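Take a look at the structure below.
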Amino acid sequence: MAKLYVVGTPIGNMADITYRAVETLKSVDFICAEDTRVTLKLLNHYEIKKPVISYHEHNEDTVGDSICDRIAAGENAAIVTDAGMPCISDPGERLVRRCYERGIEVTVVPGPVACASALAISGLDTSRFSFEGFLSVNRKNRAAHLAQLAAEQRTMLFYEAPHKLIATLTDLTAQFGPNRRVALCRELTKLHEQVYRTTLGQALEHYQTEAPRGEFVLVVEGCAPPKEPETSLEDALAAVDALCAEGMSRRDAVKQVSSDSGIGKNQLYRAAQEREGGDG
Numbered sequence: 062m063a064k065l066y067v068v069g070t071p072i073g074n075m076a077d078i079t080y081r082a083v084e085t086l087k088s089v090d091f092i093c094a095e096d097t098r099v100t101l102k103l104l105n106h107y108e109i110k111k112p113v114i115s116y117h118e119h120n121e122d123t124v125g126d127s128i129c130d131r132i133a134a135g136e137n138a139a140i141v142t143d144a145g146m147p148c149i150s151d152p153g154e155r156l157v158r159r160c161y162e163r164g165i166e167v168t169v170v171p172g173p174v175a176c177a178s179a180l181a182i183s184g185l186d187t188s189r190f191s192f193e194g195f196l197s198v199n200r201k202n203r204a205a206h207l208a209q210l211a212a213e214q215r216t217m218l219f220y221e222a223p224h225k226l227i228a229t230l231t232d233l234t235a236q237f238g239p240n241r242r243v244a245l246c247r248e249l250t251k252l253h254e255q256v257y258r259t260t261l262g263q264a265l266e267h268y269q270t271e272a273p274r275g276e277f278v279l280v281v282e283g284c285a286p287p288k289e290p291e292t293s294l295e296d297a298l299a300a301v302d303a304l305c306a307e308g309m310s311r312r313d314a315v316k317q318v319s320s321d322s323g324i325g326k327n328q329l330y331r332a333a334q335e336r337e338g339g340d341g
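This is the structure:
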């Protein structure tokens, strides 16, 4: 049975393509590309002569079904994007979904991924991370997205174009604070590859005086986990008892001990009530 091949392509350096990817592109009947002009440069470089059709966010509804029709009729197809893995922040994901809905097999030919490459050389925590892609240009949606990330402890990855970088750094700084660490990775695998490790505030200041160039992956440090209170609950309750013995009301004692210990006021008050069996 014919199938759709999801093929990763270089994110900058033409040499970063696998033997399997080249052989797959040579073997399929046709190739679906985000921008046919970009893909043709790659195909010509490797002397691959195959029909290329345009498939992108503006024509996916009309072209998607015809692609599936051709695969269902027995033609093998590959989908590529301008750089990296298709279907990641890319309309290719909807073509894959269409294929599954129609019982068409989909297989992956993995290749370079910009976000993973940036994370690997960022110098930030790689144990847990969250891929956030491109922020919305809609101000309301953008603000809501960043608000959801206010307490995110994982390292966050964003894509951004140079002409939007300052606006994005402004919003990230407002949300996460100027001291949050960030690695700005640009032109990955290309001649002018650069990793700029700094803070959000310093990055904003830097790019307000030096025009951003190239495509960016922003690797942003997650927020610090909440500190565990140094005082145990039992010790805090004992401190409440001591203050009450000196004549302070339980409510005021709880408020003071909560402030001193870092234990939540409501938690401490409930525990004191449960132990004493009433308000005093």
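Heads up: the sequence shown begins at 62 in my numbering, then just goes up one per residue. Heads up, the beta-carbon is just placed ideally off N, CA and C, and yes, glycines get one too. Please read these numbers as outputs of a predicted model, since none were measured by experiment.
{"Query": "At least three beta-carbon pairs within less than 8 Å, the region 171-180 to the region 235-253", "Result": "yes"}
{"Query": "Extent of the continuous beta strand (DSSP E) run through residue 243", "Result": "242-247"}
{"Query": "From 306, 265, 156, residue whose alpha carbon lies closest to that of residue 131", "Result": "156"}
{"Query": "CA nearest to the CA of residue 152, picked from 196, 120, 139, 137", "Result": "120"}
{"Query": "DSSP three-state assignment for residue 78, whether helix, strand or coil", "Result": "coil"}
{"Query": "Minimum Cβ-Cβ distance from residue 282 to chain C less than 9 Å", "Result": "This model lacks chain C altogether, as it is built from one protein chain only."}
{"Query": "Distance, residue 95 Cα to residue 107 Cα", "Result": "19 Å"}
{"Query": "According to DSSP, residues forming a beta bridge with residue 92", "Result": "113, 139"}
{"Query": "Residue 65, buried or exposed, once every other Cβ within 10 Å from all chains shown has been counted against 16", "Result": "buried"}
{"Query": "Beta-bridge pairing of residue 330 - partner residues as DSSP gives them", "Result": "The partner list for residue 330 (beta bridge, DSSP) is empty, contrary to what the question assumes."}
{"Query": "Ranges of the alpha helix (DSSP H) found wholly within the region 269-334, counting only runs of at least 4", "Result": "294-306, 311-322"}
{"Query": "Local Cβ density within 10 Å of residue 221, reported as buried at 16 or more and exposed below that", "Result": "buried"}
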